[in-house]
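Undergrad: First, the structure itself, so that you have it in front of you.
Laid out in structure tokens, this is it:
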């Protein structure tokens, strides 16, 4: 059977892969243990073969791979699901026609098959189809192109992120050695130019943020978390009375990014899809499940924009440190709440939210969340949230935010920078507490030192972040 015929038979099912590049599986792949074992075995074979093929490339083939990648370097690929499906089938048909003409056309055929692979929602599975249906010489070239491209994308990530205008870069830093003597490294945020004390290095809006549940619907904006001083400036949701906004811009942004799907619509049924997640958040005051729901919906929104961005929110999140969360009944319930809340609006969400993926995403949020302080009243009494956030502020924590760049800031008990919410919304600014030289790593406090001893600080940091603090203060005091 031809490659294009096999792909055409499955592309309709795989078109549900709308959440980043991560939704690859339909319900059979999740529910049939034998199929999963077979698929896992096939994938391992494909990965092993890809490595072998890449190693065994002759100098002539390696040159062909470089030339092939260079020939499509500046080509624009379609971004919408419909355009990608059409483009994929066109490239597969062209590749088949070319390789049947003989070895002189294998290079062009490989380019067509690689271009199809670039837009296919389940590339690992298409590789398996290629392995069985195209000539070995063509397959070798395709796998060589894939290997080079993946390597290039990985190497490129930290050259384009963070943006240069933020005055920081991500560098590898030593973090001790393993028991067998292997060096351990981590990634930290480094200033790219010098700053005097009290200067702002950068400001950053969060990927997502959420209010402390008791503050919803009254005097704080559901989107930017800003306190609304004047009742006349409140902008209500047109479908519910559970939230308010500080401006039409915030209302529109929230609606587009997540609220249209997560709005409770003032349903009378507390167990309805519209209310179940919100009721859980109010009852437990745990923000992470709702924030993950916002994150997933926002990913779909990002895809709908067809911006052609090389890296999406999931690419950013998967590179961050995380806490290892053991599975429990609590996580099981949260997973089901997400599926109920999003299922009717996001095709494939049931298959995407596996236990392993949910625990990883939750662990990444719990490790990287910052407490957000937006209250104009520093004496306001707000009960601390049960989930820990990075914060040393004396002002009340009115919510939490997840930030792409600031997640790379490391803790120090004597930091050279601090978190400031100067506009009293969820936009975070990094301000120096002393002079910072170009090339110096930036540190903030994850916890309040207060009257804690070195042992007390280290215990709290290890409990919350599995972090063994080796800052100068901890190293020089008892």
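In my numbering, the protein residues as written are 13 to 490.
Note that CB positions come from ideal geometry on N, CA and C, so glycine has one too.
Out of 333, 359, 334, point me to the one whose CA is closest to residue 308's CA.
TA: By 1-based counting over the chain shown, the position of residue 308 is 296. For the residues 333, 359, 334, the minimum Cα distance to residue 308 belongs to 359.
Undergrad: Could you check how far apart the C-beta atoms of residue 152 and residue 179 are, in whole angstroms? I think they sit under 8 Å.
TA: As a working note, residue 152 is residue 140 in the chain shown. As a working note, residue 179 is residue 167 in the chain shown. Rounded, the Cβ-Cβ distance is 45 Å, inconsistent with contact.
Undergrad: Taking just the CA atoms, how far does residue 327 sit from residue 202?
TA: Mapped onto the chain shown, residue 202 falls at position 190. Mapped onto the chain shown, residue 327 falls at position 315. In a straight line, the C-alpha of residue 202 is about 21 Å away from that of residue 327.
Undergrad: Spatial neighbours of residue 33 within its chain, please: CB distance less than 6 Å, with the 5 preceding and 5 following residues excluded, ordered by chain position.
TA: In the chain shown, residue 33 corresponds to position 21, counting from 1. Any reading at residue 33 must be qualified, since the residue scores a pLDDT of 32, below 50, and its modelled position is unreliable; no value is offered.
Undergrad: So, at 8 Å on beta carbons, what are the nonlocal neighbours of residue 514 in its own chain, with the 5 sequence-adjacent residues on each side left out?
TA: Only positions 13 to 490 of the chain appear in this structure, which leaves residue 514 out of reach.
Undergrad: Under 7 Å between the Cβ atoms of residue 231 and residue 240?
TA: Position 219 of the chain shown, counted from the start, is the residue given in the question as residue 231. Position 228 of the chain shown, counted from the start, is the residue given in the question as residue 240. In this structure, residue 240 lies closer than 7 Å to residue 231 by Cβ.
Undergrad: Under DSSP, the beta strand (DSSP E) around residue 184 begins and ends at which residues?
TA: The residue you call residue 184 lines up with position 172 of the chain shown. 180-189 is the span of the beta strand (DSSP E), which, as asked, contains residue 184.
Undergrad: Please report the residue range of the beta strand (DSSP E) in which residue 432 lies.
TA: Reading the chain shown from its first residue, position 420 is the one you call residue 432. 429-432 is the span of the beta strand (DSSP E), which, as asked, contains residue 432.
Undergrad: Give me the Cα-Cα distance between residue 229 and residue 377, rounded to the nearest whole angstrom.
TA: Within the chain shown, the letter at position 217 stands for residue 229. Within the chain shown, the letter at position 365 stands for residue 377. Looking at the two C-alpha atoms, the distance is approximately 24 Å.
Undergrad: Does the Cβ of residue 133 have 16 or more other Cβ atoms within 10 Å, making it buried, or fewer, making it exposed?
TA: Working through the chain shown from its first residue, we reach residue 133 at position 121. Buried, since its Cβ has 16 or more Cβ neighbours within 10 Å.
Undergrad: Using a Cβ-Cβ cut-off of 7 Å (strictly less than) and excluding sequence neighbours within five positions of residue 385, which residues of its own chain qualify?
TA: Counting from 1 along the chain shown, the entry for residue 385 is found at position 373. Excluding sequence neighbours, residue 385 sits near 405, 407, 408, 409, 410, 433.
Undergrad: Give the range of the alpha helix (DSSP H) segment to which residue 374 is assigned.
TA: By one-based count along the chain shown, residue 374 stands at place 362. Element bounds for residue 374: 367-380.
Undergrad: Return yes when the Cβ of residue 401 is within less than 7 Å of the Cβ of residue 375, no when it is not.
TA: One-based indexing of the chain shown puts residue 375 at position 363. One-based indexing of the chain shown puts residue 401 at position 389. In this structure, residue 401 does not lie closer than 7 Å to residue 375 by Cβ.
Undergrad: What residue range does the beta strand (DSSP E) around residue 202 cover?
TA: Here residue 202 is taken as the residue at index 190 of the chain shown, counted from 1. Note, residue 202: beta strand (DSSP E), 195-203.
Undergrad: Count the CB pairs spanning the segment 435-448 and the segment 207-217 that are closer than 8 Å, and state whether there are at least three.
TA: Segments in contact, yes.
Undergrad: Using only CA atoms, which one of 428, 397, 305 lies nearest to residue 484?
TA: Translated into the one-based positions of the chain shown, residue 484 becomes position 472. The shortest C-alpha separation from residue 484 is found at 428.
Undergrad: Could you say which of 105, 172, 265, 207 lies nearest to residue 443 if we only look at CA atoms?
TA: Taking the first residue of the chain shown as position 1, residue 443 is located at position 431. Closest by alpha carbon: 207.
Undergrad: Since residue 209 and residue 285 are thought to touch, with beta carbons under 8 Å apart, how far apart are those beta carbons, to the nearest angstrom?
TA: By one-based count along the chain shown, residue 209 stands at place 197. By one-based count along the chain shown, residue 285 stands at place 273. With 8 Å as the limit, residue 209 and residue 285 do not qualify as a contact, their Cβ atoms being about 51 Å apart.
Undergrad: State buried or exposed for residue 468, treating a residue as buried only when at least 16 other CB atoms are found within 10 Å of its CB.
TA: If you number the chain shown from 1, residue 468 lands on position 456. Flag for residue 468 reads exposed.
Undergrad: What are the complete beta strand (DSSP E) segments, minimum 3 residues, inside the segment 405-464?
TA: Qualifying beta strand (DSSP E) stretches, in chain order: 411-414, 429-432, 440-444.
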